[in-house]
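Worksheet: the structure to be examined is printed underneath.
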Amino acid sequence: MSQIGWNCIIMEKPFGRNLQSSNHISSLFHEDQICRIDHYMGKEMAQNLMVLRFANRIFGPIWNCDNMSYVILTFKESFGTEGCWGYFNDFGIL
Numbered sequence: 001m002s003q004i005g006w007n008c009i010i011m012e013k014p015f016g017r018n019l020q021s022s023n024h025i026s027s028l029f030h031e032d033q034i035c036r037i038d039h040y041m042g043k044e045m046a047q048n049l050m051v052l053r054f055a056n057r058i059f060g061p062i063w064n065c066d067n068m069s070y071v072i073l074t075f076k077e078s079f080g081t082e083g084c085w086g087y088f089n090d091f092g093i094l
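If you want it as structure tokens, here you go:
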């Protein structure tokens, strides 16, 4: 992550596999750099980032290569929740 400017990471649960790994993840960032969400709450916003960037007179002038190095969106799931009971039994759900 950049040493200058503002960095933010948006994390969806689980926040680690146990308390130790969760605390380790939290130690890598300042609390004001971590946004914790459920993926369905952020889904529509992620789908509309380009619209927000080009159709909004406020964001258009500042969301450009002079002010932002990059935006990374990582979606690791390629499946639904079918068969995920073992996962939820191990990690829980919020």
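Just so we're aligned, residue 1 is where the sequence shown starts under full-length UniProt numbering, counting upward by one. Cβ coordinates follow ideal geometry from the N, Cα and C atoms, glycine included.
I'd like the span of the alpha helix (DSSP H) that includes residue i, first residue to last.
{"i": "Ile-25", "result": "19-27"}
{"i": "Leu-73", "result": "No alpha helix (DSSP H) holds Leu-73; DSSP gives it neither H nor E."}
{"i": "Arg-53", "result": "49-55"}
Any idea which residues DSSP pairs residue i with across the strands?
{"i": "Met-11", "result": "Arg-36"}
Answer with buried or exposed for residue i, where buried requires no fewer than 16 other C-beta atoms within 10 angstroms of its C-beta.
{"i": "Ile-58", "result": "exposed"}
{"i": "Leu-94", "result": "Its pLDDT being 42, under 50, Leu-94 is placed unreliably in this model, and the value from its coordinates should be taken loosely. Per the 10 Å Cβ criterion, exposed."}
Let me make sure I understand the geometry here. Which of the options has the alpha-carbon closest to that of residue i?
{"i": "His-30", "options": "Cys-8, Glu-44 and Ala-55", "result": "Cys-8"}
{"i": "Lys-13", "options": "Ser-26, Tyr-70 and Trp-6", "result": "Ser-26"}
{"i": "Leu-73", "options": "Lys-43, His-24, Val-51 and Asn-67", "result": "Lys-43"}
{"i": "Gln-33", "options": "Trp-6, Asn-18, Leu-19 and Asn-67", "result": "Trp-6"}
What residues in its chain sit with their C-beta under 7 Å from that of residue i, if we drop five residues either side in the sequence?
{"i": "Trp-63", "result": "Arg-53"}
{"i": "Ile-37", "result": "Ile-10 and Glu-12"}
{"i": "Ala-46", "result": "Leu-73"}
{"i": "Ser-22", "result": "Phe-15 and Gly-16"}
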